[in-house]
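Following: one structure in structure tokens, then a few remarks.
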Amino acid sequence: MKNQELIDYLASCGVCRVCQLRYLKARGNEYRNMQQTFQRLDVKVEETDIKTPEDESDEQPPKKQRLAICSTCLGLFSDEFQSQLIEAISKSDFANYDSEGIVLAITLPLTLQLRQLSMWLALQRKFGKSTFNDNCAPDVPIKEAVKLILHPIVCSKLGKEYDANGLMINIDVRHSVETEEVAKLTELNRAAFPGKKRIEISRGLLEKQYQPARIKAELFEKYLAIPPAAVEDPLQLQSIDLMGPIVCVAGRYRKLSRELSHTPWVLQGKRIMEESIEEIIVQQVAPHFSDTLDKVTFMSSGREDVDVRCLGKGRPFVLEIMNARRSSLSRQEAHQMELAVDRSGKVSIHNLQVVPREELTHIKTGEEQKRKYYRALCVLNEPVTLDILKRLQISESFIIQQKTPIRVLHRRPLHTRPRSIYSVKTCVSRENRRLLIIDVVSQAGTYIKELVHGEFGRTTPSISSIIGKPIDILALDVVGIDLDWPADVNNAEVEVE
Numbered sequence: 231m232k233n234q235e236l237i238d239y240l241a242s243c244g245v246c247r248v249c250q251l252r253y254l255k256a257r258g259n260e261y262r263n264m265q266q267t268f269q270r271l272d273v274k275v276e277e278t279d280i281k282t283p284e285d286e287s288d289e290q291p292p293k294k295q296r297l298a299i300c301s302t303c304l305g306l307f308s309d310e311f312q313s314q315l316i317e318a319i320s321k322s323d324f325a326n327y328d329s330e331g332i333v334l335a336i337t338l339p340l341t342l343q344l345r346q347l348s349m350w351l352a353l354q355r356k357f358g359k360s361t362f363n364d365n366c367a368p369d370v371p372i373k374e375a376v377k378l379i380l381h382p383i384v385c386s387k388l389g390k391e392y393d394a395n396g397l398m399i400n401i402d403v404r405h406s407v408e409t410e411e412v413a414k415l416t417e418l419n420r421a422a423f424p425g426k427k428r429i430e431i432s433r434g435l436l437e438k439q440y441q442p443a444r445i446k447a448e449l450f451e452k453y454l455a456i457p458p459a460a461v462e463d464p465l466q467l468q469s470i471d472l473m474g475p476i477v478c479v480a481g482r483y484r485k486l487s488r489e490l491s492h493t494p495w496v497l498q499g500k501r502i503m504e505e506s507i508e509e510i511i512v513q514q515v516a517p518h519f520s521d522t523l524d525k526v527t528f529m530s531s532g533r534e535d536v537d538v539r540c541l542g543k544g545r546p547f548v549l550e551i552m553n554a555r556r557s558s559l560s561r562q563e564a565h566q567m568e569l570a571v572d573r574s575g576k577v578s579i580h581n582l583q584v585v586p587r588e589e590l591t592h593i594k595t596g597e598e599q600k601r602k603y604y605r606a607l608c609v610l611n612e613p614v615t616l617d618i619l620k621r622l623q624i625s626e627s628f629i630i631q632q633k634t635p636i637r638v639l640h641r642r643p644l645h646t647r648p649r650s651i652y653s654v655k656t657c658v659s660r661e662n663r664r665l666l667i668i669d670v671v672s673q674a675g676t677y678i679k680e681l682v683h684g685e686f687g688r689t690t691p692s693i694s695s696i697i698g699k700p701i702d703i704l705a706l707d708v709v710g711i712d713l714d715w716p717a718d719v720n721n722a723e724v725e726v727e
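Everything in the sequence shown is counted per my numbering, starting at 231 for the first residue and increasing by one.
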């Protein structure tokens, strides 16, 4: 079979030039200059044949009668549908999104899959199964063709780039013949698979069951035409829905209060604290990107207890904002957000910036391998001795065995976890000889309070067991987290043009 024979037959079946190229397995840029592609594939077509009906003057009717609507794609790749689609998108809420990239998600009528099978059977009947076998579809699938053909056209018309993570334009397309043809498919399904219980007609069913290897042409033709029947009506745009991209905003926070929970603290339906770190940050940052704050996810590299401060460079965090209308953040805007959070007096943030979603792995990957630095104010029942100070100068790392603390058993399973303590340094307070200031470098995930007092032997060894005396912790600060992310950005240094 020559390419010319195939194209002549497809044309006689009312197949448009774009779909003819699909059956020649054209790829990528080959759809942009179809005349050149046909010539390269040794197919003769008149240049006017490639144009769609609106390209032809009313004063000069086409030289030969052609079906206006393709029998296989139902006009999906026609200039009329493209114009209708661009107009509908432009009239939607599209202008309110600043995303530079877009992606189309088109819900197509089931009848398109039926018509693909019908044409597959027609080609087998015309050219034989040796040319078009039962298991390999003869065309470039319509979903792939949408990416190859419609995506570049829509992006060009709207002045956007293709981005799988960009603004998603959900397009629901229907056709008037679908109800009738799906009803016939239901009857065909009963006849083709009589032993099966009632099966819901779906795209998955068509992709899995409806191939020439499973459905004979003679049975198919009792219910649906081979080749696919001509249609008079074009595709109908049912709806256009927009879904903004997921924007990730990262930074580092310092927790300055000993009376602030990490996330909203609700117990038996009642709030225990008025605010949380999450709420303070989200309220000042998220509205820039989205109108719906309930679609924002707050994540951080670990968390502190309510009464623990986080100082130093702070703790890395990220906001994952769904359906964002804005996806960019200037340094000046970021600085204003940082100042707004700072005014809370409870939390301070810096290094605020938009980051690629792929970088979120930094928050969780290898979480327990990170080092964290703590400073604890501890108290003894008696004045500190030189022996105690010497025992608490530990430069070599050691392993502790730590059971899940009693205070978190309501939300964590009971396990005994090994944790590395990398160093311990201690000094005595000048104001009170019973007070110790202990600096601890430990593996992330270590419960420092329990490391100090031992919790009735549930953590071994502990600071208490090392010095052989009871010791309690009065205050704890996180002073460093060994995670070099996100990048350092001084948003206060705004460039003046």
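All C-beta atoms, glycine included, are put in the ideal place defined by N, C-alpha and C.
Less than 8 Å between the beta carbons of residue i and residue j, yes or no?
{"i": "R484", "j": "V577", "result": "yes"}
{"i": "L582", "j": "A564", "result": "yes"}
{"i": "L454", "j": "L340", "result": "no"}
{"i": "E330", "j": "K390", "result": "yes"}
{"i": "L619", "j": "T656", "result": "yes"}
{"i": "T493", "j": "E508", "result": "yes"}
{"i": "V273", "j": "I237", "result": "yes"}
{"i": "I579", "j": "I470", "result": "no"}
{"i": "I624", "j": "S653", "result": "yes"}
{"i": "I379", "j": "F307", "result": "yes"}
{"i": "R561", "j": "N721", "result": "yes"}
{"i": "R605", "j": "D702", "result": "no"}
{"i": "R601", "j": "R539", "result": "no"}
{"i": "S574", "j": "I678", "result": "no"}
{"i": "V479", "j": "D393", "result": "no"}
In this structure, does DSSP put residue i in helix, strand or coil?
{"i": "C478", "result": "strand"}
{"i": "A606", "result": "strand"}
{"i": "F628", "result": "strand"}
{"i": "Q468", "result": "strand"}
{"i": "E417", "result": "helix"}
{"i": "Y483", "result": "strand"}
{"i": "N233", "result": "helix"}
{"i": "R404", "result": "strand"}
{"i": "S348", "result": "helix"}
{"i": "G258", "result": "helix"}
{"i": "H565", "result": "helix"}
{"i": "H580", "result": "strand"}
{"i": "P382", "result": "helix"}
{"i": "F547", "result": "strand"}
{"i": "G356", "result": "Per the sequence presented here, residue 356 reads as Lys, with Gly not at that position. Note: K356 maps to helix in three-state DSSP."}
{"i": "R621", "result": "helix"}
{"i": "Q314", "result": "helix"}
{"i": "P291", "result": "Any reading at P291 is ruled out, since the residue's pLDDT is 41, under 50, leaving its predicted position unreliable."}
{"i": "Q441", "result": "coil"}
{"i": "E410", "result": "helix"}
{"i": "K377", "result": "helix"}
{"i": "A717", "result": "coil"}
{"i": "P283", "result": "For P283, the pLDDT reaches just 33, beneath the cut-off of 50, and the residue's location in the model is therefore unreliable, although a value from the coordinates is still provided. P283 falls in the helix class under three-state DSSP."}
{"i": "C657", "result": "strand"}
{"i": "M732", "result": "Here the chain has residues from 231 to 727 only, and residue 732 is not among them."}
{"i": "E680", "result": "helix"}
{"i": "L706", "result": "strand"}
{"i": "L590", "result": "helix"}
{"i": "V638", "result": "helix"}
{"i": "T340", "result": "Here residue 340 is Leu; the residue named in the question, Thr, does not match the sequence. Coil, per DSSP."}
{"i": "G331", "result": "strand"}
{"i": "L449", "result": "helix"}
{"i": "V671", "result": "strand"}
{"i": "L388", "result": "helix"}
{"i": "M221", "result": "For residue 221 there is no data in the structure shown, the boundaries of the chain being 231 and 727."}
{"i": "K699", "result": "coil"}
What whole-angstrom Cβ distance do residue i and residue j have, given they're in contact under 8 Å?
{"i": "F336", "j": "V376", "result": "Looking at the sequence provided, one finds Ile at residue 336 rather than Phe. Yes, they are in contact, since the Cβ atoms of I336 and V376 sit about 6 Å apart, within 8 Å."}
{"i": "E550", "j": "M529", "result": "7 Å"}
{"i": "V671", "j": "L665", "result": "With a Cβ gap of about 21 Å, V671 and L665 do not count as contacting."}
{"i": "Q466", "j": "V403", "result": "7 Å"}
{"i": "S313", "j": "G244", "result": "That belief does not hold up - the Cβ atoms of S313 and G244 are roughly 21 Å apart, past 8 Å."}
{"i": "N365", "j": "Q441", "result": "7 Å"}
Is there a C-beta anywhere in chain B that falls below 8 Å from the one on residue i?
{"i": "L378", "result": "Although the question refers to chain B, the structure presented lacks it and comprises just one protein chain."}
Margin query: Check whether the segment 625–640 and the segment 672–685 are in contact - that is, three or more C-beta pairs closer than 8 Å.
Written below: By the Cβ criterion, the segment 625–640 is in contact with the segment 672–685, since at least three pairs of Cβ atoms, one from each stretch, lie closer than 8 Å.
Notebook entry, point to check: Do three or more CB pairs link the segment 551–563 to the segment 696–712 at distances below 8 Å?
Noted result: No, the segment 551–563 is not in contact with the segment 696–712.
Item checked: Three CB pairs or more closer than 8 Å across the segment 403–421 and the segment 353–369 -> Taking a contact to require three or more Cβ pairs closer than 8 Å, the segment 403–421 and the segment 353–369 do not qualify as touching.
Item checked: the segment 696–710 / the segment 531–542 touching (three or more Cβ pairs under 8 Å) -> These segments touch.
Notebook entry, point to check: Counting Cβ pairs closer than 8 Å, one from the segment 252–268 and one from the segment 362–370, do we hit at least three?
Noted result: Yes: at least three Cβ pairs fall under 8 Å.
Notebook entry, point to check: Between the segment 462–479 and the segment 434–450, do three or more beta carbon pairs fall short of 8 Å?
Noted result: Under the 8 Å Cβ criterion, the segment 462–479 does not count as touching the segment 434–450, having fewer than three qualifying pairs.
Note to self: As an exercise, report each continuous beta strand (DSSP E) stretch of at least 3 residues that is fully enclosed by the segment 488–550, in chain order.
What the structure shows: You should have 526–530.
Margin query: For the structure I just gave you, are there three or more beta carbon pairs, one from the segment 257–274 and one from the segment 315–322, closer than 8 Å?
Written below: Segments in contact, no.
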